[in-house]
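Below is one structure; the comments refer to it alone.
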Amino acid sequence: MARFSLRSRGAPPQYGFDYLENFLKTKRHNLKAAGVKKRRLNSRHSSRAASTKSIKGYVVQKTTTVAKTMRSGVNGRKTKVKTMAYPALSRHCSMRAKTRKKTTKQTTAAQKVAAPKIAVPIADEQSNMVQLDSKRLDELWQKVKQNMIKDMDVDLKTLIAQKAAIPPTSQYQVTNKKLGSGKFGTVFAGIHCQTSRKVAVKVYSKSEIKRGKHWEILKGEVTMLQAIEHPGIIRFENFMEIKDQYLLIIEKMHTDMMEAVTLRKSIPECMSKFLIMQILIALQYLHSKGIAHCDLKPENVLLSDGSEFPQAKLCDFGYSCYIADSCFKKKIIGTMLYVAPEVLAGKRYNKSVDIWSIGVTTYVSVSGFFPFAQKEKITEEILSHVALFPVDYWKDTSIEAIDFIKRLLKINPTERPSIEECVAHSWFRTKELYRDLEALEKRLGTGRYITSKLD
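Right, dumping it as structure tokens:
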């Protein structure tokens with residue numbers, strides 16, 4: 001509705017009601033009743049109650065307030081129609097209107113800056129939450145690779161929603177506490193609402209994950225985590241999507257092995273042996289399933305607490321893949337400082353790449369240094385040099401530990417020991433280690449999943 005305010009007394013005859021009615025008739029083609037907004041102008045010049053008169057659907061108000069303009073909604077546009085005011089009051093109304101627009105723009109800009117980039121309230125997105133199992137996700141991914149889904153963003157979500165169960169609302173509460181960040185996502189702390197169990201939520205941006213092969217890496221990690229279950233491997237909780245993000249919910253741990261090395265400069269040999277044995281047992285389980293981790297490093301070994309003998313679990317299965325004993329891969333994967341020479345050389349490789357990575361991880365854990373210099377030509381150095389053990393840094397390390405590392409860091413993959421041979425190495429054949437591992441198993445209540453391999 002458009003409302004005109006006319007002076008009740010002393011207004012010139014040409015601005016009376018008769019004039020206004022004729023004006024509306026002649027300009028009717030410029031106005032649409034549904035598009036005209038009701039507008040009031042609050043002015044300090046108003047002093048008297050208004051009396052109104054209806055003219056063909058438009059309200060004309062007779063007050064002491066003087067209106068500047070009338071605006072109409074023709075084709076969605078606001079059109080300036082007529083000025084019927086004294087100049088001073090017109091300028092006053094115009095300045096107030098500009099001030100309101102400017103304030104609104106500033107408020108909107110401030111809200112955009114303050115808005116968090118990560119959407120954490122999962123419970124508000126119940127309709128978009130999906131829970132997948134390994135078989136469903138794998139079948140769906142095969143359809144994607146065969147170009148059966150033309151629009152990934154729409155059709156993938158539709159197919160998942162048709163086959164997947166929707167978890168209950170308010171299942172998880174995600175906090176703003178940042179636990180870490182990686183190449184493809186950020187990890188936040190969360191809580192399972194029903195059990196108050198602490199979880200870790202890896203947040204992936206859809207816009208980033210759909211670029212290149214990032215989605216394939218995420219799909220591979222979700223598929224692997226749901227296909228495996230072992231005390232030495234991080235526990236999978238759920239996989240969801242909300243708004244513009246994917247959420248991978250996993251078991252929350254205290255810290256990672258690299259942080260423990262950084263805090264201590266190096267981990268004592270007894271503790272390193274304790275952690276490496278747990279890594280070997282978890283890796284032995286993976287290799288028995290035909291799975292190679294392909295990205296083993298201290299950052300991907302999570303620790304349950306900050307004690308001297310914590311539980312260790314493998315995580316980050318984005319690069320993991322199925323490799324049979326007699327099969328090889330040629331795709332370049334992993335982290336530069338820990339990747340095997342055959343991968344860097346572009347040659348075919350198998351599960352022995354994990355053995356090399358354990359050797360580098362053990363070297364870093366015991367000494368606090370990398371076996372190869374961190375420089376631009378590190379590839380050439382890894383391919384042409386053997387890891388060195390300077391006396392100044394290794395004088396307090398046992399001969400068995402050095403021998404274990406040397407056996408694993410063989411340039412020729414065929415010369416590296418198998419995972420079973422690593423577990424049977426003399427470095428791990430001590431009563432102290434057996435006793436510590438046995439105490440860990442009792443504390444966890446998981447049975448003899450480690451010590452049974454040492455009998």
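Each residue of the sequence shown is one higher than the one before, starting from 1 at the first, in full-length UniProt numbering. Built from N, CA and C at the ideal position, the CB exists for glycine as well. Model, not experiment: these values are computed from the prediction.
Per DSSP, Gly190 lies in no alpha helix (DSSP H) segment; the continuous beta strand (DSSP E) that holds it begins and ends at 186–192. The straight-line gap separating the alpha-carbon atoms of Ile382 and Ala292 is approximately 21 angstroms.
Within the same chain, Cβ atoms closer than 7 angstroms to the Cβ of Pro371 are found at Val360, Tyr363, Ala387, Leu409, the five residues on either side in sequence being excluded. DSSP, read as helix, strand or coil, puts Ala260 in helix. Pairing Tyr285 with Leu437, the inter-Cα distance amounts to about 17 angstroms. Linking Ile276 to Arg429 through their CA atoms gives a straight-line distance of about 13 angstroms. Distance from the CA of Asp455 to the CA of Trp427, rounded to the nearest whole angstrom, comes to 15 angstroms. With the rule of 3 Cβ pairs closer than 8 angstroms, the region 399–406 does not count as touching the region 246–254.
Taken through DSSP and simplified to helix, strand or coil, Tyr363 comes out as helix. Here the alpha carbon of Ile358 sits roughly 31 angstroms from the alpha carbon of Tyr246. A Cβ-Cβ contact shorter than 8 angstroms links Val201 with Val174. Spanning the alpha carbons of Gly334 and Thr186 requires a straight line of approximately 19 angstroms. Counting C-beta pairs with one atom in each stretch, the region 192–201 and the region 267–275 have fewer than three that are closer than 8 angstroms, which means they do not touch. With 16 or more other Cβ atoms inside 10 Å of its own Cβ, His287 counts as buried. Per DSSP, reduced to three states, the secondary structure at Thr175 is strand. For Lys273, the uninterrupted alpha helix (DSSP H) segment begins and ends at 269–288. Distances from the CA of Cys294 to each of Gly445, Phe184, Ile191, Lys351 were compared; the closest alpha carbon is that of Lys351. With contacts defined as CB atoms closer than 8 angstroms, Ala312 and Ile355 fail to qualify as a contacting pair.
The Cβ-Cβ distance between Met271 and Phe309 falls below 8 angstroms. The closest CA to that of Arg348, considering only Trp394, Lys331, Leu337, Tyr338, is found on Lys331. Assignment of Thr379 by DSSP, reduced to helix, strand and coil, places it in the helix class.
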